[in-house]
DNA sequence: TTCTATACCGAACAGATTGTTCAATAAACA
DNA sequence: TGTTTATTGAACAATCTGTTCGGTATAGAA
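Residue numbers (this note's numbering), protein chains in the order written: chain F, 1 to 185; chain C, 1 to 185.
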């Protein structure tokens, strides 16, 4: 990734922000490029200079958001968290829930918009985390199931738990949700 | 539902078939009304006489397909199956897997196209079945989880199991898949 | 500060798609 | 057979997409 001109960074951010704001109002499919550039206050040609299509914009926004949330967890060494190997066994998912459940977290907006592309990315990232935590989930059930099925299953339960929280008024605490997650897996 | 003119039935079927065929080639979002009416060999005005928009067409197609698959299971009395109360406890889901996994079943095409609207309908129908079979799933876990969470969870695992089968080459038998499903829940 | 590269603008453009209208035609059903 | 109603095909405005272009403004280097 080459370093961006300040102007490029500003337009990129403006477009991202505009899309995020629009996503909390309507489905991605019904958002037009015209609306995005109007809200971002950016020229039409500028939009297409940054993103090939609306879908590519979503793709890059996903990558950007996931980067912030998941990279801290994946960091193998460093002066911060490095939760991956050091923390008590259940704190990776508790940490993830806490992080995702913050009000200012845009990933939730994308999750409730239910877009296929987003779900694919999210699942992909999640499966990486699950894979690395796999020993924690070994039990009677996991022995009898194909590993691929088991990983898919755990990631799917995580997302389902988050979705439940979203669709029932966001009442539960991260701790309660983590408990539900572990019980359900 | 009023009885349809034979002509209306024929156009309706032609449009449904056209959409199903197109769905196995490309995403729903990228299919145009022009393509549908060309493949269905139907006039443009005719299409819009039947369906308000492309989305409504998908909605009605879903309802049509689910009707065939789920209504037999929901039938309270009758001279056929009525699996609901009579059969051994696990045969509802085995039956459902078997039915869905048949090659000619169009629901799988819709499932692999991952469209939000379809998933919503599918989940809704599944949750009805799960609800009626809930006593079968009572165990240590279910006691500690909210009922709504538990129902969502079971339906989600069912779909995830089906999706796993779809995305790994459709190798497993309905019996094996049912076993995975019960182990994972 | 000055210079040069380049990102932005904005307007205009063709092409595709959507959803509607209408009069003429064909088919269904009683 | 006769009446009703669905279908047709073309034409239509409206919207959206993705591109092009000359002119302007800004960034970052010298």
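Beta carbons: idealized from backbone N, C-alpha and C, even for Gly.
Asked, Found
"Contact criterion: CB-CB distance below 8 Å. Does residue 43 of chain F meet it with respect to chain C?", "no"
"Would you list, in sequence order, the uninterrupted alpha helix (DSSP H) runs of no fewer than 4 residues that lie entirely inside the stretch 110–162 of chain F?", "116–132, 140–144"
"Starting from residue 91 of chain C, trace the alpha helix (DSSP H) in both directions and tell me its first and last residue.", "91–101"
"Please report the distance separating the alpha-carbon of residue 98 of chain F from that of residue 38 of chain C.", "51 Å"
"Measure from the alpha carbon of residue 130 of chain F to the alpha carbon of each residue in F:42, F:165, F:147, then state which is nearest.", "F:147"
"Distance cutoff 8 Å, beta carbons only. Does residue 116 of chain C sit that close to anything in chain F?", "yes"
"When you compare the CB of residue 125 of chain C with every CB in chain F, is at least one pair closer than 8 Å?", "no"
"Pick helix, strand or coil for residue 78 of chain C, following the three-state DSSP scheme.", "Caution is warranted here: a pLDDT of 44 is assigned to residue 78 of chain C, below 50, making its placement in the model unreliable, and the coordinate value is therefore given only provisionally. If DSSP states are grouped into helix, strand and coil, residue 78 of chain C belongs with coil."
"Is it buried or exposed, residue 78 of chain C, if we count other Cβ atoms within 10 angstroms and call 16 or more buried?", "The predicted model places residue 78 of chain C with a pLDDT of 44, which falls under 50 and marks its position as unreliable, so this point remains unresolved."
"With C-beta atoms as the reference, is residue 156 of chain F less than 8 Å away from residue 150 of chain F?", "no"
"Does DSSP classify residue 63 of chain F as helix, strand or coil?", "helix"
"Short of 7 Å Cβ to Cβ, which residues in the stretch 133–149 of chain C face chain F?", "141, 144, 145, 148, 149"
"Between the stretch 99–114 of chain C and the stretch 19–39 of chain C, do at least 3 Cβ pairs fall closer than 8 Å?", "yes"
"For the alpha helix (DSSP H) containing residue 33 of chain C, list its first residue and its last residue.", "33–40"
"Roughly how many angstroms separate the alpha carbons of residue 166 of chain F and residue 124 of chain F, rounded to a whole number?", "21 Å"
"Pick from F:69, F:94, F:144, F:126: whose alpha carbon is nearest that of residue 104 of chain F?", "F:69"
"Using 8 Å as the Cβ pair cut-off and three pairs as the minimum, do the stretch 3–20 of chain C and the stretch 168–181 of chain F touch?", "no"
"What are the residues in the stretch 161–179 of chain F lying within 7 Å of chain C by C-beta distance?", "164, 168"
"What does the Cβ neighbour count give for residue 190 of chain C, buried or exposed, with the cut at 16 atoms within 10 Å?", "Outside the shown range of chain C (1 to 185) lies residue 190 of chain C, about which nothing can therefore be said."
"Throw me the rounded Cβ distance for the residue 145 of chain C and residue 184 of chain F pair, which I believe falls under 8 Å.", "7 Å"
"Could you give the DSSP three-state label for residue 10 of chain C: helix, strand or coil?", "helix"
"Grouping DSSP H, G and I as helix and E and B as strand, with all else coil, what is residue 21 of chain F?", "helix"
"So, with DSSP's three-state summary, where would you put residue 4 of chain C?", "coil"
"Classify residue 4 of chain C as buried or exposed, calling it buried when 16 or more other Cβ atoms lie within 10 Å of its own Cβ.", "exposed"
"What number of angstroms, rounded off, separates the C-alpha of residue 18 of chain C from the C-alpha of residue 137 of chain F?", "45 Å"
"Which residues in the same chain as residue 27 of chain F place their Cβ atom closer than 7 Å to its Cβ, once the five residues preceding and following it in sequence are excluded?", "113"
"Under 8 Å between C-beta atoms, does residue 82 of chain C make it to chain F?", "Note that residue 82 of chain C scores a pLDDT of 42, beneath 50, so its modelled location is shaky; the value from the coordinates is reported in the next line. False, the Cβ-Cβ gap to chain F never drops below 8 Å."
"How would you label residue 152 of chain F, buried or exposed, when you count the other beta carbons within 10 angstroms and need 16 or more for buried?", "buried"
"For the putative contact between residue 54 of chain F and residue 117 of chain F, defined by C-beta atoms under 8 Å, what is the C-beta separation to the nearest angstrom?", "Not really, about 11 Å apart at Cβ, beyond 8 Å."
"Would you give the residue range spanned by the alpha helix (DSSP H) that residue 181 of chain C belongs to?", "174–184"
"By Cβ distance below 7 Å, which residues in the same chain neighbour residue 181 of chain C in space, the five residues on each side in sequence not counted?", "93, 157, 158, 161"
"Thinking C-beta only, is residue 107 of chain C closer than 8 Å to residue 100 of chain C?", "yes"
"Output, in sequence order along the chain, the residues in the stretch 19–32 of chain C whose CB is closer than 9 Å to any CB in chain F.", "27, 29"
"Note down, in chain order, each residue of its chain lying with its Cβ closer than 8 Å to the Cβ of residue 66 of chain C, except the 5 sequence neighbours on either side.", "107, 121, 122, 125"
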